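Trainee: The working numbering puts the first residue of the sequence shown at 19, with every later residue one more than the last.
Ideal Cβ positions, reconstructed from N, Cα and C, are used throughout, including at glycine.
Because the structure is a prediction, the values reported are computed rather than measured.
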Amino acid sequence: MQKASREFREKPLRLIQITDTHLYRDPRAVLLGLNTHESFEKIVDLIARTRGTPDVIVGTGDIAQDASRESYQRFAEIVSRLNAPFYWIPGNHDNRKVMLALTDYPNAFDTQLIFGNWQILMLDTSSPGNVHGVLSDAELARLQQQLSQLPAGVQHSMICLHHNPVPGTASWMSDIGLKNADAMLAILKQYPATVRAVVYGHIHQTLDFEHEGFRFFCTPSTCIQFKPYVEEFALDMLAPAYRWFDLYADGRLETAVERLQDYVIKVDMNAGGY
Numbered sequence: 019m020q021k022a023s024r025e026f027r028e029k030p031l032r033l034i035q036i037t038d039t040h041l042y043r044d045p046r047a048v049l050l051g052l053n054t055h056e057s058f059e060k061i062v063d064l065i066a067r068t069r070g071t072p073d074v075i076v077g078t079g080d081i082a083q084d085a086s087r088e089s090y091q092r093f094a095e096i097v098s099r100l101n102a103p104f105y106w107i108p109g110n111h112d113n114r115k116v117m118l119a120l121t122d123y124p125n126a127f128d129t130q131l132i133f134g135n136w137q138i139l140m141l142d143t144s145s146p147g148n149v150h151g152v153l154s155d156a157e158l159a160r161l162q163q164q165l166s167q168l169p170a171g172v173q174h175s176m177i178c179l180h181h182n183p184v185p186g187t188a189s190w191m192s193d194i195g196l197k198n199a200d201a202m203l204a205i206l207k208q209y210p211a212t213v214r215a216v217v218y219g220h221i222h223q224t225l226d227f228e229h230e231g232f233r234f235f236c237t238p239s240t241c242i243q244f245k246p247y248v249e250e251f252a253l254d255m256l257a258p259a260y261r262w263f264d265l266y267a268d269g270r271l272e273t274a275v276e277r278l279q280d281y282v283i284k285v286d287m288n289a290g291g292y
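1. Name, in chain order, the residues that DSSP records as bridge partners for SER175.
2. Hey, is the stretch 203-222 in contact with the stretch 181-191, meaning 3+ C-beta pairs nearer than 8 Å?
3. Looking at the structure shown, is ASP63 part of a helix, part of a strand, or coil, going by DSSP?
4. Smallest Cα separation from GLN163: which of VAL152, ASN148, LEU141?
5. Quick check on the burial criterion: 16 or more other C-beta atoms within 10 angstroms. Buried or exposed for GLY231?
6. Give me the residue from PHE58, LEU161, ILE138 with the minimum Cα distance to LEU33.
7. Beta-carbon within less than 7 Å of TYR247's beta-carbon, same chain only, minus the 5 sequence neighbours each way: which residues are those?
8. What is the residue span of the alpha helix (DSSP H) that ILE205 lies within?
9. Compare the Cα-Cα distances from HIS229 to each of ASN101, GLY147, TRP136, LYS207 and report the closest residue.
10. Just curious, the beta strand (DSSP E) that ARG261 is in, first and last residue?
11. What is the DSSP secondary structure of ARG43, reduced to helix, strand or coil?
12. Any idea what DSSP makes of HIS181, helix, strand or coil?
13. Do ALA85 and VAL62 have their C-beta atoms within less than 8 Å of each other?
14. Under a three-way DSSP split, which group does VAL285 fall into?
15. In terms of residue numbering, what span does the alpha helix (DSSP H) encompassing ARG114 cover?
16. Could you give the distance in angstroms between the alpha-carbon of PRO238 and the alpha-carbon of ASN101?
17. For ASP80 versus THR39, is the C-beta spacing smaller than 8 Å?
18. Taking THR288 as the reference, which of ILE132, LYS29, PHE251, GLU276 has the closest Cα?
19. With H, G and I counted as helix, E and B as strand and the rest as coil, what does DSSP make of LEU165?
20. I need the straight-line Cα distance from LEU158 to LEU165, nearest angstrom please.
21. Can you tell me which of ASP226, SER154, TYR209 puts its alpha carbon nearest to the alpha carbon of LEU196?
22. Looking at the strands, I want to know which residues DSSP matches up with ILE36.
23. So, are the CB atoms of PRO169 and ILE132 less than 8 Å apart?
24. Does the separation of the CB atoms of LEU265 and LEU118 fall below 8 Å?
25. Using the Cα positions of THR224 and LEU179, report the straight-line distance between them to the nearest angstrom.
26. If you drop the 5 nearest sequence neighbours on each side, which residues of the same chain put their C-beta closer than 6 Å to that of GLU249?
27. Exposed or buried, what is VAL76 when buried is set at 16 or more other beta-carbons lying within 10 Å of its beta-carbon?
28. With DSSP as the reference, label MET19 as helix, strand or coil.
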């Protein structure tokens, strides 16, 4: 079991979620018309201007579009400009082995992060060769263990994963989510007083809702966004974004999505997928 720890008592824990950066080996490459390297850099600059130095950064998957070592290296170098520890989990476009090979960042794959009386659990839902996600038996067992045997002083838990554990808002998303979400939810239901938030990405949208007694947050991409409430794949004309959380010792949280302002969106609105 991997852990990262740091004490917070008087101020809230300032957590940044970055997701679906879709970086390429070539920083000039574009995804459906948008340069993902450029938009990611602008997001990091925005975080530095508006949020200062966060306490922790979580990257919730699809870090790379081409699963190249160079793309992961660049993500790590750019996000390190914020002078905060970062942790990541793979998405369906990622290669876990390539990510693990970045020996300059040995703690980035820590799976249980302890900050004061909060724990952040990083779940790997990647299923090699598939767009959809699956929590392995080992990951489900770890989730059960880390919620049932809280470290000393921990009272609140945030669950982070890549794939959406609740159906997306567009019909074409019906088969790309977390296949065994019910198994995860069955575990969470055993600990309603502990689990404060379930945080994910994957579907490139902003969502904040309650489901089965828990609060769920979906965060948009640092590049392209997906149009909600449509039958077929379609892009939305919304700017790149990230989400911030302030986590308080009493279990409260505050959060918002922040987008790039005055950003010229250049995307292929006729794209049928990627």
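Mentor: Judging by the given coordinates:
1. GLN137, VAL213
2. yes
3. helix
4. LEU141
5. exposed
6. ILE138
7. THR187, ALA188
8. 199-206
9. LYS207
10. 259-265
11. coil
12. coil
13. no
14. coil
15. 114-118
16. 23 Å
17. yes
18. For the sequence presented, residue 288 should be read as Asn rather than Thr. Of the candidates ILE132, LYS29, PHE251, GLU276, the one whose C-alpha sits nearest the C-alpha of ASN288 is PHE251.
19. helix
20. 11 Å
21. SER154
22. GLY77
23. yes
24. no
25. 15 Å
26. SER189
27. buried
28. Because MET19 sits at a pLDDT of 43, beneath the cut-off of 50, its placement in the model cannot be relied upon, and the following sentence gives the value as read from the coordinates. Three-state DSSP puts MET19 in coil, outside helix and strand.
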